[in-house]
Amino acid sequence: MAYVRFNMVTSFSYNVFTFLKMNKTAIYTWILLLILTVVSALFSQVEGKYIVLVILILSVLKFIGVAFQFMELKNAHSFWKYAIIFFVLLFMVIVMII
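This note's numbering puts the sequence shown at residues 10 to 107.
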């Protein structure tokens with residue numbers, strides 16, 4: 010039983026320290042995502058003609074940030090980069106049409 014507890018403590022502390030040693034770009038991207046989320050929430054309370062477009066653009070920026078930073082798309086083949094950008098732009102156009 011002590012062996013199991015030791016393994017749990019070791020793996021838990023390893024995960025915590027791995028999280029604390031995240032690289033700076035991941036932390037900056039995470040902070041930017043939080044800021045964009047707060048800005049989107051603030052814009053959702055405003056009434057205006059183009060607020061939906063602004064919120065949609067902020068959502069697209071968040072999607073691209075997650076895709077390129079946390080899904081490691083920045084290291085992928087250029088086909089996948091263009092495909093994901095095409096997909097998100099197509100999705101944005103479809104949402105604006107509807």
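Every residue gets a Cβ at the ideal spot worked out from N, C-alpha and C, and that includes glycine.
By the Cβ-count criterion, Ala-35 is exposed, with fewer than 16 other Cβ atoms from all chains shown falling within 10 Å of its own Cβ. Annotated three-state conformation of Asn-32 is coil, per DSSP. Ala-76 sits buried, since 16 or more C-beta atoms from the chains shown fall within 10 Å of its C-beta. For Lys-71, same chain residues with a beta-carbon under 6 Å away, outside a window of 5 residues either side, are Leu-42 and Leu-45 in chain order. A check of alpha carbon separations from Met-105 across Asn-84, Ile-64 and Phe-88 identifies Ile-64 as the nearest.
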